[in-house]
Amino acid sequence: MSRLLVLVLALLLPAVPATAAPTGWTVAGPGQVTAKLSLTSGNLTLDVSRQGRTVLKPAPVGLTTTTADLTKDLTFTGRSDRVVIDHYTMPHGKRLQRAARMTEARFGFRNATGRFDLVVRAAADGIAYRYVLPAPATVTAEASAFRVAADSKAWLLPYNAWYEANRVRTTAGEATGDFGYPSLFQNGQDFALLTESDVDGTYAGSRLRRSGDGFQVVLADAQVASTGTTPWRTAIVGDLGTVSTSTLVDDLASPAKFADVSWIKPGKVAWSWLSEHSSPSDFARQKQYVDFAARNGWEYTLVDEGWSAAWVPELIRYARAQGVEILLWLHWSALDTQQERDTVLPRIQQWGAKGVKLDFMESDSQDRYRWYDAVLQKTAELQLMVNFHGSTIPHGLARTWPHVLTMEAVRGAENYPPAANNPVQFFTRNVAGSMDYTPVSLEVGTKEASIAHEVALPVVYESGWTHFADKPEAYERHPQALRYLNQIPTVWDETRLLDGAPDSHAVVARRNGDRWFVGGIATQERTLQAPLGFLGGGRWLVETVRDPATRADVVRDSQVLRNTDTLTVPARRNGGFAAVVCRYRPGLRTCDQPIRQVPKTTLTVGPTGTTDTPPGSAIDVTGTFTNGDKVIRDVRLTATAPEGWSVTGAVVQRRTLAPGESISGRWRLTAGTRVGPVDLPIVATFGDVHVEQAVKAFVPPPTPANGAQVSDLPFMSETNGWGPVERDRSNGENTGGDGAALSIGGVTYAKGLGTHAPSEVSVYLGRGCERLAAKIGLDDETEQPGSVAFQVFGDDKPLYDSGVIRGKGAAVPIDVDVSNVRMLSLRVTDGGDGRNFDHADWAEAALTC
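Heads up: the sequence shown runs through residues -20 to -1, 1 to 829, numbered per mature numbering (1 follows the signal peptide of the UniProt record, and there is no 0).
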């Protein structure tokens, strides 16, 4: 080409800049989901499509801090791309082995006030984005929002911070108010489940608020002290099967904080609170729940609100000898300080409990997320597993902290939800992570759902710990239902949606090893269908439990089918079915596997009774372990020194122990300086069985000085009807130190004990005191005082009883002879009127010694 021609063409053609700033970018996942980012007039938006169809319309992206408004006048500064490939293993969940592949693009933006990177990930099952600031900042708001077509179906959760409302069925255009995650939308054949992932104490939780024609992300706090990286704003996108079985929330979360997960044990849990609210305070009844769990091979018993430190260690020893582990309930405020976490949790671990149920957090604030971080760090150190109740939703927490076995954040059985609300939970809340619905209410509750519907719930719903809602006798009156429950695991290798819709029904298959479990639930009368194409070739034994004509125990039938068949089960309104499937061989009659039974053994220890052991002195203890009716192997017998104590003496070991054989040992333990009652455990182990009994010892404190106030003495034991016993203040709420000044009949007292009936405090007198003087009465802080009786006991013998004191009034002076008393106990009992305002004070409780 001649130079003249080049010059002519240059004059005729329009000028083109050497580089044109892009205004739109796409991030395509390995599947059919694509995110598109657009910059128009300095405003940034993001939309999502699937197979070319718009699922989420363009919605704002950006955030503001105390020093920058990063929502407008933005310019693009660059893009980098990578592929994120992640393989990890979970100890529980809808699928143990996880493989995630995500396309990630990092976009830079800036304006006159600052800059940020937007990190966008696209996966086969959705998209997510988060903000990364160049330095820590105080975030005041996010512009983040999601927009869906106004006529999209919507299944939304009216927001409260414990996520226990009933979901509502509406449309995106008709929705008003604030909504909790996850929020499900359907536009034609496409579904989008909106939630968040990787939230911790470096940020706050959020919710969705209907605003304009979209749903705005609203932070729980007006200001958030961010490290610079925000949580993932997450949209799980696909057909209903893809959405309901997605692990995207976990895939986006931070990897596990620790590697050794061998101590994390999912399982079934016997639980008494719902069927018998007062039973957690009844030691004998809790032993019956342990016995039931042991008979049926359930791994745990949860002792809910009301347990007593006076007998829980004994219950734990009783349970572990039968192969059952104990979990304990705590109000979150019992652990809201570092000191409490460093004292309460180690004590529970030392008793031998394997986990805790923590309740009533009820906040998405950054401060509460910092509490979650602290509690999870401490429980991980102590190898205590965790169940969060009254909590936020899962947001990948169980990936980061694998000892989180389950979380509530659902209107579960304890709230008696309508059965019609059950299918939608599989498609929404349970997608985000393990869900402690506490299923299988056979006789407790409304009985709206059929027996087969209830039996199907532990399959339809995934939870690392499944807490069963009813009492032992209820299950034993339904033996076929119990037989099926005894076979259900709580760990799954695979999960499939076979059929369903959020409004009407769900049929779910989950695999554990070489067995499949199928659960189906329906809201209206229909024939539930389970296509068996997920099975391999050959013949399969299918055992099904279904409802009889009237509400009663399920009926069981079996058939041999192939993977080309469809299992069909007629279901009544709020009915369902459950099935177990295993590969068939000639002569096979059941898929059931044997229920684990722990061999019977006995362990006797000595000396019996409580022995005074002053600091530095020694006590000799003995133990004899006797086998029952089965050969056991690798037996060890030893004494365990409590914290601060020391032990001498050898471990006794035997490779095998025949039925009826015994081994014995003798050890010397030297007392530490910590005063009070102490258990000296003698422990026998074989396999994974732990058999323990304890010699009771007592490290006495000094005898009180003359004029000593009881509130200044160390408590040898303490129980209280609500919160802790308070020293020199009234009983408040659950946290120590939150009571007001002691006040009876308008008179304020500087010293004394604030309690809530029923209550008991014991202090050591060592037979060195003569009299107890005090002023007793109901505290003025209670607006509706009930009635109580004050009692004084010396070495478990009654010394004084006030009779029932009702209502407010002047303090009653008492003077009690405590001569020759070793252990003094101050008790307050409920007066019997059933009112719950029994704040009782022992004012100016002083000793003459």
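In this text, a Cβ means the ideal position worked out from N, Cα and C, and glycines have one as well.
Quiz prompt | 3-residue-minimum beta strand (DSSP E) runs that sit fully inside the segment 716 to 800, ordered along the chain | solution = 722 to 724, 727 to 729, 732 to 736, 739 to 744, 751 to 758, 767 to 774, 777 to 786 and 792 to 797
Practice problem: Under the assumption that tryptophan 822 contacts isoleucine 756 (Cβ atoms under 8 Å), give the Cβ distance between them as a whole number of angstroms. | Solution: 6 Å
Practice problem: Could you have a look at aspartate 810 and say whether DSSP puts it in helix, strand or coil? | Solution: strand
Quiz prompt | 9 Å Cβ cutoff met for valine 204 and valine 112 | solution = no
Self-check item: 7 Å Cβ shell around alanine -3 - same chain, five flanking residues per side excluded
Solution: Reliability fails at alanine -3, whose pLDDT of 36 lies under 50, so the model's placement of it is uncertain and no value is given.
Quiz item: glutamine 633: buried (16+ other C-beta within 10 angstroms of its C-beta) or exposed?
Solution: exposed
Quiz item: Mind checking whether arginine 751 and leucine 827 have CB atoms under 9 Å apart?
Solution: yes
Practice problem: Would you check if the distance between the CB atom of arginine 86 and the CB atom of aspartate 61 is smaller than 9 Å? | Solution: yes
Quiz item: Does the Cβ of glutamate 505 have 16 or more other Cβ atoms within 10 Å, making it buried, or fewer, making it exposed?
Solution: exposed
Exercise. Kindly indicate the opening and closing residues of the beta strand (DSSP E) around residue 875.
Key: Because the chain spans -20 through 829 in this model, residue 875 falls outside it and cannot be assessed.
Quiz item: How would you label lysine 318, buried or exposed, when you count the other beta carbons within 10 angstroms and need 16 or more for buried?
Solution: Reading the sequence as shown, one finds glutamine at residue 318 and not lysine. Result: exposed.
Quiz item: From alanine 155 to isoleucine 328, what does the alpha carbon distance come to, in whole angstroms?
Solution: 46 Å
Self-check item: leucine 617 to serine 288 span [Cα, whole Å]
Solution: 28 Å
Self-check item: Between the CA atoms of tryptophan 251 and arginine 81 - distance to the nearest angstrom
Solution: 40 Å
Practice problem: Using three-state DSSP, classify residue 838 as helix, strand or coil. | Solution: Here the chain comprises residues numbered -20 to 829, so residue 838 is not present and cannot be evaluated.
Quiz item: When you compare each of Ala15, Cys829, Thr34 and Leu50 to glycine 22 by their alpha carbons, which one comes out closest?
Solution: Leu50
Quiz item: Relative to the C-alpha of alanine 700, which residue among Gly717, Glu672, Gly734 and Thr728 is closest?
Solution: Reading off the sequence, residue 700 comes out as asparagine, not alanine. Cα-wise, what sits closest to asparagine 700 is Gly734.
Quiz prompt | Minimum length 4: unbroken alpha helix (DSSP H) runs contained in the segment 368 to 446 | solution = 377 to 380, 402 to 407, 409 to 412 and 431 to 440
Quiz item: Since valine 435 contacts alanine 461 with CB under 8 Å, what's their CB separation in whole angstroms?
Solution: 5 Å
Practice problem: Kindly give me the distance between the Cβ atoms of isoleucine 244 and proline 71, rounded to whole angstroms, as I take these residues to be in contact under 8 Å. | Solution: 5 Å
Quiz prompt | Three-pair Cβ contact test at 8 Å for the segment 223 to 241 versus the segment 447 to 457 | solution = no
Quiz item: In whole angstroms, what is the alpha-carbon distance linking glycine 335 and glutamate 305?
Solution: 9 Å
Quiz item: Which class does tryptophan 135 belong to by DSSP, given the choice of helix, strand or coil?
Solution: strand
Quiz item: Quick one: does the C-beta of valine 198 sit closer than 8 Å to a heavy atom of the ligand MG?
Solution: The ligand MG is not among the ligands present in this structure, which contains no ligands whatsoever.
Quiz item: Alpha carbon to alpha carbon, how far is alanine 39 from valine 128?
Solution: 9 Å
Quiz item: How long is the line joining the alpha carbons of threonine 470 and serine 644, rounded to whole angstroms?
Solution: 39 Å
Practice problem: Measure the Cβ-Cβ separation of glutamine 673 and valine 585 and say whether it is below 9 Å. | Solution: yes
Quiz prompt | Cβ shell of aspartate 219 (< 7 Å), same chain only, five flanking positions each side left out | solution = Gln169 and Phe171
Quiz item: Thinking just about the alpha-carbon of each residue, which of Ala489, Gly88 and Ala791 is nearest to the one in leucine 17?
Solution: Gly88
Exercise. Note the first and the last residue of the continuous alpha helix (DSSP H) segment covering valine 229.
Key: 228 to 232
Quiz item: Whole beta strand (DSSP E) runs in the segment 19 to 95 with 3 or more residues, listed along the chain?
Solution: 23 to 30, 33 to 41, 43 to 45, 55 to 69 and 77 to 91
Quiz item: Over what stretch of residues does the beta strand (DSSP E) that includes phenylalanine 605 continue unbroken?
Solution: 598 to 607
Quiz item: Are arginine 648 and valine 601 closer than 9 Å when you measure CB to CB?
Solution: yes
Quiz item: If you follow the alpha helix (DSSP H) that tryptophan 520 is part of, which residue opens it and which one closes it?
Solution: That residue, tryptophan 520, is in no alpha helix (DSSP H); its beta strand (DSSP E) goes 519 to 526.
Practice problem: Leaving out five residues on either side along the sequence, give the residues of the same chain with a beta carbon under 6 Å from the beta carbon of valine 197. | Solution: Glu122, Ser124 and Ser186
Quiz item: Quick one, which of Ile785, Ala753 and Gly789 has its alpha-carbon nearest aspartate 760's?
Solution: Gly789
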